[in-house]
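Only one structure is covered here, and it is reproduced in the block below.
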Amino acid sequence: MKTFLRSLILILLLSVLSHATAAIRIITTIPDLADFAREIGGKLVEVESLATGVEDTHAVPVKPSHASKLNRADLVIAMGLDMEHAFLPALLEASHNPRVQPGKPGYLETSKGLAPLDVPKDLSKAEGDQHAQGNPHYNLDPVQGRLIVNNIADHMAHQWPQHADAFHAGRDAYLRKLDAKIKELEQLATPLKGAKFVSYHNHWPYFATRYGLVYAGTIELRPGVEPTPRHIVELVAQMKADGVKLVVREPQFAEKTPNQVAAQAGAKVVKLAIMVGGVPEAKTYLDLIDYNVRTLVKAVQP
Numbered sequence: 006m007k008t009f010l011r012s013l014i015l016i017l018l019l020s021v022l023s024h025a026t027a028a029i030r031i032i033t034t035i036p037d038l039a040d041f042a043r044e045i046g047g048k049l050v051e052v053e054s055l056a057t058g059v060e061d062t063h064a065v066p067v068k069p070s071h072a073s074k075l076n077r078a079d080l081v082i083a084m085g086l087d088m089e090h091a092f093l094p095a096l097l098e099a100s101h102n103p104r105v106q107p108g109k110p111g112y113l114e115t116s117k118g119l120a121p122l123d124v125p126k127d128l129s130k131a132e133g134d135q136h137a138q139g140n141p142h143y144n145l146d147p148v149q150g151r152l153i154v155n156n157i158a159d160h161m162a163h164q165w166p167q168h169a170d171a172f173h174a175g176r177d178a179y180l181r182k183l184d185a186k187i188k189e190l191e192q193l194a195t196p197l198k199g200a201k202f203v204s205y206h207n208h209w210p211y212f213a214t215r216y217g218l219v220y221a222g223t224i225e226l227r228p229g230v231e232p233t234p235r236h237i238v239e240l241v242a243q244m245k246a247d248g249v250k251l252v253v254r255e256p257q258f259a260e261k262t263p264n265q266v267a268a269q270a271g272a273k274v275v276k277l278a279i280m281v282g283g284v285p286e287a288k289t290y291l292d293l294i295d296y297n298v299r300t301l302v303k304a305v306q307p
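The sequence shown begins at 6 in my numbering and counts up by one.
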């Protein structure tokens, strides 16, 4: 009997120790957030992203494995501002995980403290797939990347106070690298000031504001609405009149229409990534912001 009790106690102790040292399971909606969470959490976290970087952020394909991953998650991190509205709510419901539902401690949207751009005045369906709270692509501005990192670290430290010092140390170490990159890119991006461009989708207002570019329109007729032949004709005419020489193509969209617009307007097509993994060069967030700035600077040079 004593041997049995000793064995039972040992099993219980091992179970408790295993639970205490198990990695915190984090699921993010996009790879940028996963990169941040790994930098902050280090060996204390196990992180996966639902998106790989090549999808449309508003329509990441839903897979049965996603719901299974969310079921086991301790924390879900999303961009918010309705960026994930087309796929995340259904996945969270299917996960049957009460701790990661919106409003619960295991759910975080990283837009806290953001001053959103492009908040719509008209939410009618005629205006396309509008985001009522503003444009959600703030990850493309590295200064807003700082805000995201701070929000993630603060939330993780609050939820797991026993690891707060480690999370804050991870945050601080990463922010030193990010701040150095921000300073480097500010110098590098000087030639971008005043450069005019159009893109396929309205991904770039925060990026354009940061670096002084002029956002001259989108190939899409309206958010989420494919262009009509008339819209393309009008856009090309506007580009010629305004001297717009750059067309940004996001990897999520086919080359044909951006190439057509650029050829007709006498402009250059530039492929930029909207999240980590969008191009082979963007393996991390620091890679992403570096790639986008350097690629555009090269494009505007004679």
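The C-beta atom is built at its ideal place from N, Cα and C for all residues, glycine as well.
With a contact defined as Cβ atoms closer than 8 Å, L80 and Q164 qualify at about 7 Å. Contact annotation: L183 and V298 have beta-carbon atoms that are not nearer than 8 Å.
Scanning its chain for C-beta atoms nearer than 6 Å, with the 5 sequence neighbours on each side dropped, one finds around V52 the residues I31, A39, A42 and R43, in chain order. In this structure, I294 lies away from P141, with their beta-carbon atoms at least 8 Å apart. T33 and Y296 have their C-alpha atoms spaced approximately 22 Å apart.
T115 carries a coil assignment under DSSP once its states are collapsed to helix, strand and coil.
Taken in chain order, the unbroken stretches of alpha helix (DSSP H) that lie wholly in the region 216-257 and span 4 residues or more are 234-247. Straight through space, the alpha carbons of P307 and D37 are spaced by roughly 32 Å. Assignment of T195 by DSSP, reduced to helix, strand and coil, places it in the helix class.
Looking at the DSSP output, I82 sits in a beta bridge with T33 and L113. Note on geometry: alpha-carbon atoms of H63 and Q265 lie some 25 Å from one another. By the criterion of at least three beta-carbon pairs nearer than 8 Å, the region 214-222 is not in contact with the region 83-96. The beta carbon of V50 lies closer than 7 Å to those of A28, I29, I31, A42 and R43 in the same chain, with the five residues before and after it left out.
Less than 8 Å separates the beta-carbon of L119 from that of L152. By a beta-carbon distance limit of 8 Å, I45 contacts G175. Their separation comes to about 4 Å.
By the Cβ criterion, the region 218-233 is not in contact with the region 274-284, since fewer than three pairs of Cβ atoms, one from each stretch, lie closer than 8 Å. Within 10 angstroms of the beta-carbon of G271 lie fewer than 16 other beta-carbons, which makes it exposed.
If the five residues before and after L93 are omitted, its C-beta is found closer than 7 Å to the C-beta atoms of T34 and A83, all from its own chain and listed in chain order. Listed in chain order, the non-local C-beta contacts of N156 below 6 Å within the same chain comprise T115 and K117, local neighbours out to five positions each way being set aside. Shown here for P210: same chain residues with a beta carbon closer than 8 Å to its own, the five before and five after excluded, namely L122, D123, N140, H142 and Y220 in chain order.
Bounds of the beta strand (DSSP E) holding E53 are V50 to S54. In this structure, V249 lies away from P263, with their beta-carbon atoms at least 8 Å apart.
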